[in-house]
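Numbering (my numbering), first residue to last: 8 to 255.
Ideal Cβ placement from N, Cα and C applies to all residues, glycine included.
From a predicted model like this one, the values you see are computed outputs, not experimental measurements.
Listed below in structure tokens is the structure:
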């Protein structure tokens with residue numbers, strides 16, 4: 008039981024520290040210009056594209072094969088569309104003058120859902136690692152914590168731009184990291200989890216995150232500012248994401 012508790016604590020800490028550290032970006036933003044905000048959103052989009060295409064999906068293909076992974080991607084897209092429609096319907100109940108602000112917060116909420124979905128299979132990996140060897144589980148927890156920082160940044164940026172308070176942004180980023188601990192608990196209890204299930208979960212999260220990036224983050228960036236610098240921000244985000252994925 009002590010090892011079970013330790014695996015849960017490490018899994019939860021990895022998720023919360025990673026996305027929470029990225030969420031600290033919410034404390035930095037203070038009435039910046041539209042060009043900077045557009046560049047930041049594009050940079051966040053580039054990070055997400057790189058994480059999904061160069062890390063998350065290749066891992067899903069390797070673990071469970073192409074078919075299961077793509078099936079997960081399709082399910083993830085369908086799920087996030089349903090969430091998008093639900094949030095849009097909920098947002099329509101607000102006053103009209105709050106609609107433009109709510110759009111960015113909605114984008115952040117959707118990203119938070121996608122990141123939480125991604126964090127669960129990461130937790131499964133941590134829990135399974137502890138069943139094999141404690142040192143392996145600890146090492147994996149540290150890697151995942153660093154790996155989650157860019158995702159926390161991508162989530163916090165649109166929320167802060169939309170006018171959400173700094174502490175609320177940070178709290179939202181922390182909450183998105185909690186599923187890592189839940190996944191660690193499940194992973195430890197089940198031991199050797201079916202690779203197809205993990206692959207499906209990774210594909211599911213990847214599909215959700217790609218949808219949010221392409222249909223929420225990038226369009227919001229173009230609404231703020233159209234120019235070369237935000238485009239370069241997207242490229243730098245992709246490069247940064249590739250470096251993070253390759254180093255970790």
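Within 10 angstroms of its Cβ, does residue i collect 16 or more other Cβ (buried), or is it exposed?
{"i": "residue 16", "result": "exposed"}
{"i": "residue 227", "result": "buried"}
{"i": "residue 79", "result": "buried"}
{"i": "residue 12", "result": "exposed"}
{"i": "residue 161", "result": "buried"}
{"i": "residue 236", "result": "exposed"}
{"i": "residue 148", "result": "buried"}
{"i": "residue 158", "result": "buried"}
{"i": "residue 2", "result": "Within the shown structure, residues of the chain are numbered from 8 to 255, placing residue 2 beyond reach of any answer."}
{"i": "residue 121", "result": "buried"}
Could you spell out the range, first to last residue, of the alpha helix (DSSP H) harbouring residue i?
{"i": "residue 220", "result": "From DSSP, residue 220 is part of no alpha helix (DSSP H); its letter is neither H nor E."}
{"i": "residue 51", "result": "41–58"}
{"i": "residue 249", "result": "235–254"}
{"i": "residue 195", "result": "173–197"}
{"i": "residue 62", "result": "No alpha helix (DSSP H) holds residue 62; DSSP gives it neither H nor E."}
Using only the alpha-carbon positions, how far apart do residue i and residue j sit?
{"i": "residue 27", "j": "residue 72", "result": "32 Å"}
{"i": "residue 41", "j": "residue 231", "result": "6 Å"}
{"i": "residue 69", "j": "residue 181", "result": "29 Å"}
{"i": "residue 215", "j": "residue 152", "result": "21 Å"}
{"i": "residue 254", "j": "residue 30", "result": "21 Å"}
{"i": "residue 178", "j": "residue 234", "result": "33 Å"}
{"i": "residue 220", "j": "residue 201", "result": "29 Å"}
{"i": "residue 164", "j": "residue 89", "result": "23 Å"}
{"i": "residue 225", "j": "residue 91", "result": "16 Å"}
{"i": "residue 241", "j": "residue 247", "result": "10 Å"}
Considering only residues of the same chain and omitting the five flanking positions on each side of residue i, which have a CB-CB separation below 6 Å?
{"i": "residue 252", "result": "61 and 62"}
{"i": "residue 18", "result": "130, 133, 187, 188 and 191"}
{"i": "residue 203", "result": "71 and 75"}
{"i": "residue 24", "result": "152"}
Give me, in chain order, the residues of the same chain whose beta-carbon lies closer than 8 Å to that of residue i; leave out the 5 immediate sequence neighbours on both sides.
{"i": "residue 249", "result": "57 and 61"}
{"i": "residue 243", "result": "50 and 53"}
{"i": "residue 22", "result": "126, 129, 130, 151, 152, 155, 183, 184, 185, 186, 187 and 188"}
{"i": "residue 141", "result": "10 and 13"}
{"i": "residue 59", "result": "213, 216, 217 and 220"}
Leaving out the 5 sequence neighbours to the left and right, which residues in its chain are closer than 7 Å to residue i when beta-carbon positions are compared?
{"i": "residue 145", "result": "17"}
{"i": "residue 223", "result": "114 and 117"}
{"i": "residue 65", "result": "none"}
{"i": "residue 245", "result": "53, 56 and 57"}
{"i": "residue 2", "result": "Outside the modelled stretch of the chain, which goes from 8 to 255, sits residue 2, for which no answer is possible."}
Assess contact between the stretch 205–214 and the stretch 36–55, defined as three or more Cβ pairs (one per stretch) separated by less than 8 Å. Is contact present?
no
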